[in-house]
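Colleague: Residue numbers (the numbering used here): 65 to 344.
Yeah, the Cβ is synthetic: ideal placement off N, Cα and C, and Gly gets one too.
Please see the structure below; I have some questions.
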């Protein structure tokens, strides 16, 4: 029954996103698979946290879209999310959910919480930070860079990043309270709300900053041979672009995975530190 419920919910949500052109065909299929397996092997808390990321990020991508078109024009992937983007944002979370199903331990949950916080924080930073009235600064050099530059950060984007992580922590706690399932926890109920929100907020911010740092150092970047703009795409203005920096294989999806992995690891360390601090 859990498999059928997961399939129905995942297909319904992904189908609506496909109709609204937020998912491509491959993205729809990947989203259904990830959501179905996560619901069946996890619980409404795991599944709901994933959906909270997906729905909030999808809505933000449509919010004031015309004002973000210039910044987004240089991104490797924009518009409809494909399977690669879905797996880059949800694949690691799915693996953690499967690991918890096979070898149950509370720390799997904290890794998952950090991963979901990181991908949400990074997406919120991109979508909301793209509306900043001031150009971002390179996280590597501190110099002003054009909007949409990989590795660029702004105060608005960092605030959005923190808010995204806090949102995931709060949503997870609310789902636990509503669903009434046993908590996957190493932290006492009295500390749970503050701990989950705090851990998710900080892990999301750390994951987003790691994403930006890798974007500024390792991500493959190109320069358009026509307009001269620095971009993530191998083609721009209808012509092949010139690769100017970055390491082979480090595209936008790989950077997203690395950032989410950092967020997950940081969340586990925070959970262990809180457990030791309060002798749990």
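Could you tell me whether the region 119-128 touches the region 76-92, using the rule of 3 or more Cβ pairs below 8 Å?
Modeller: Flag = yes, the region 119-128 and the region 76-92 touch.
Colleague: Would you call the CB atoms of residue 113 and residue 236 closer than 7 Å?
Modeller: A contact, by the Cβ cut-off of 7 Å.
Colleague: In the DSSP assignment, what residue or residues form a beta bridge with residue 338?
Modeller: None, per the DSSP bridge assignment.
Colleague: Exposed or buried, what is residue 288 when buried is set at 16 or more other beta-carbons lying within 10 Å of its beta-carbon?
Modeller: When all chains shown are included, residue 288 counts as buried.
Colleague: If you measure between the beta carbons of residue 308 and residue 259, is that distance less than 7 Å?
Modeller: No, they are not a contact pair.
Colleague: Count the other CB atoms, across all protein chains shown, that sit within 10 Å of the CB of residue 216; report buried if there are 16 or more and exposed otherwise.
Modeller: By the 10 Å Cβ count, residue 216 comes out buried.
Colleague: Hey, out of 85, 109, 99, whose CA is closest to residue 239's CA?
Modeller: Comparing Cα-Cα distances from residue 239 to each of 85, 109, 99, the minimum goes to 109.
Colleague: Between the alpha carbons of residue 344 and residue 251, how many angstroms are there, rounded?
Modeller: Reliability of the predicted coordinates at residue 344 is poor, the pLDDT of 49 falling under 50, and the value obtained from them is presented with this limitation in mind. Whole-angstrom Cα-Cα distance: 7 Å.
Colleague: Could you check how far apart the C-beta atoms of residue 203 and residue 276 are, in whole angstroms? I think they sit under 8 Å.
Modeller: Correct: roughly 5 Å between the Cβ atoms.
Colleague: For residue 302 and residue 293, what's the separation of their Cα atoms in angstroms?
Modeller: When rounded, the distance between both Cα atoms is 13 Å.
Colleague: Can you have a look at residue 145 and say buried or exposed, based on whether 16 or more other CB atoms are within 10 angstroms of its CB?
Modeller: When all chains shown are included, residue 145 counts as buried.
Colleague: Kindly confirm or deny that the region 144-164 and the region 212-227 touch, where touching means at least three C-beta pairs closer than 8 Å.
Modeller: In short, these stretches do not touch, since the Cβ pair count stays below three.
Colleague: DSSP three-state label for residue 42, please.
Modeller: Limits of the chain in this structure are 65 at one end and 344 at the other, which puts residue 42 out of reach.
Colleague: Counting Cβ pairs, one atom from each stretch, are 3 or more of them under 8 Å apart for the region 92-99 and the region 65-80?
Modeller: Judged by Cβ distances under 8 Å, the region 92-99 makes contact with the region 65-80, as three or more pairs qualify.
Colleague: First and last residue of the beta strand (DSSP E) that includes residue 65?
Modeller: Here residue 65 belongs to no beta strand (DSSP E), and DSSP marks it neither H nor E.
Colleague: Does any residue of chain D bring its CB to less than 7 Å from the CB of residue 168?
Modeller: Annotation note: the requested chain D is absent from the structure, which comprises a single protein chain.
Colleague: Alpha carbon to alpha carbon, how far is residue 227 from residue 290?
Modeller: Cα-Cα distance, rounded: 38 Å.
Colleague: Can you give the Cα-Cα distance for residue 86 and residue 74, rounded to whole angstroms?
Modeller: The straight-line gap from Cα to Cα measures roughly 15 Å.
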